[in-house]
Amino acid sequence: MAKRQIEDKYISLVFIISIKLAIFVMASAALISSIAALITLLILIFDLVGFAVARDFLDLVLGLEEKPAVLELLDIVEFALLTVMLLIFAFGLNSIFMQRHYKVTAFKIVDIDQLKRYLTGTIVTLFGTAFLERVFAREPELLLSGVGLGVFILALVAYIYVLIRYAEPEEEKQEESSE
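Per the numbering used here, the very first residue in the sequence shown carries number 1483; after that it's consecutive.
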């Protein structure tokens, strides 16, 4: 019996370490995404103010191509949305598996389905921003990519609808667990 308890403790320890590692990786990726957004914003400011020397240096070092200011701003929005998505995922994992609930009332995640709903909304917004960038860049085959994006968003909306429609109410879950 003691051997079984030791195995259970090791399994729970490995589980906790893996969740903490996943949270650390997501938070680190969010930090890197924020730094990339800041660098893109600085490049845009250099370009708008007219620091041609600084812009040429950054183009040489980072290998960036010349883009209109609107596309640069959309890149910044994409980085910010990616950061938000990664942080939602990290805090959601922490909230679900480590039972740490944050004082932000709009951000109470208690199960995986709720985390999926938060992430789905962010993903739809991220893809919408990417499509808007294609519109402003006047890329060829815009209609085809717009139809593809629309089908993808409709599939996500249908998934969330089914998830909400057929989910068990919280009261029924509590009644079943108490019996």
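Where is the CB? At the ideal position from N, CA and C, for every residue including glycine. Quick caveat: nothing in here was measured; it's all calculated off a predicted structure.
Exercise for the section: Please confirm whether T1604 and V1566 have their CB atoms less than 8 Å apart. Expected result: Yes; because the gap between Cβ atoms is below 8 Å, this pair is in contact.
Handout entry: Stretch-stretch touch, CB-based, cutoff 8 Å, three pairs: the segment 1515-1529 with the segment 1485-1504
Key = no
Problem - DSSP-derived helix/strand/coil call for R1647 - result: helix
Exercise for the section: In the DSSP assignment, find the alpha helix (DSSP H) that holds Q1581 and state where it starts and stops. Expected result: Segment: none, Q1581 is in no alpha helix (DSSP H) and carries neither H nor E.
Practice task
Classify R1443 as helix, strand or coil using the three-state DSSP reduction.
Solution key: Residue 1443 lies beyond the range of the chain shown here (1483 to 1661); nothing can be said about it.
Practice task
Report the residue from L1526, F1579, L1523 whose alpha carbon sits nearest the alpha carbon of I1501.
Solution key: F1579
Exercise for the section: From the DSSP output, in three-state form, read off I1514 for me. Expected result: helix
Practice task
Let me know if D1557 comes out buried or exposed under the rule of 16 or more other beta-carbons within 10 Å of its beta-carbon.
Solution key: Result: buried.
Exercise for the section: Measure the CB-CB distance between L1526 and E1489 and report whether it falls below 8 Å. Expected result: no
Practice task
Identify, in the order they occur along the chain, each residue of the same chain with its Cβ nearer than 7 Å to the Cβ of E1623, setting aside the five sequence neighbours on each side.
Solution key: none
Problem - Beta carbon proximity, K1598 to chain C, threshold 8 Å - result: Going by chain labels, chain C is absent from the structure shown, which holds only one protein chain.
Exercise for the section: Under 8 Å Cβ to Cβ from I1591, same chain only, skipping five residues before and after it: list those, please. Expected result: F1573, G1574, S1577, I1578, L1597, Y1600
Practice task
Give the C-beta separation of T1611 and L1563 to the nearest angstrom, bearing in mind that I take them to be a contact with Cβ-Cβ under 8 Å.
Solution key: 6 Å
Exercise for the section: Under the assumption that L1631 contacts F1613 (Cβ atoms under 8 Å), give the Cβ distance between them as a whole number of angstroms. Expected result: 5 Å
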